[in-house]
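Each remark here refers to the structure printed beneath this line.
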């Protein structure tokens, strides 16, 4: 297994289209945030979600200390914001955060989740943070997607099924 080409593996994993989120937390009077596409629902009872964070990321050091974080599902018009928190800071970017339950979330996102840290699991070069959802909200809008190393949008074209539905 160690003979796998990491770049080829990353490119192949990128064929799986995902949404784009911003994970955010507050510590010592400052907001810390990062873009993440490794996000998923885990459970409805109790309500749990999961984000995967690179062990080298600043967020990896923040979450165990703050114990609460927000996950904002970005809308198509928030591509620039996604880049800002993905390591390409834009000095012109205004503060995008609003506060919910003492937790920063991205204004204009199509969904927000406020979570308390429920569990964390080391998994190779990442840590999986499972959050217990304390609150959530959603609005109408189209999600920003990520596929094959590029941002994408939902096409809204019907998919043909041979099932006759």
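Residue numbers (the numbering used here): 73 to 237. For glycine and all other residues, C-beta sits at the position ideal for the given N, C-alpha and C.
The stretch 115 to 127 and the stretch 145 to 152 do not touch, with fewer than three beta-carbon pairs separated by less than 8 Å.
Annotated three-state conformation of residue 151 is helix, per DSSP. Nearest to residue 187 by alpha-carbon distance, out of 103, 119 and 220, is 119.
Proximity of the stretch 79 to 99 to the stretch 214 to 232 meets the contact definition, three or more beta-carbon pairs being nearer than 8 Å. Every beta strand (DSSP E) of 3 residues or more that sits fully in the stretch 105 to 141 is shown, in chain order, as 111 to 115 and 120 to 126.
In this model, residue 179 and residue 164 are separated by some 16 Å (Cα to Cα). In this structure residue 96 touches residue 177 by the C-beta definition: roughly 6 Å separates them, less than 8 Å. Under the DSSP assignment, residue 80 falls in the alpha helix (DSSP H) whose first and last residues are 78 to 85. Of the residues 220, 229 and 168, the one whose Cα lies closest to the Cα of residue 79 is 220.
Annotation: residue 212 is outside any beta strand (DSSP E) and is labelled neither H nor E by DSSP.
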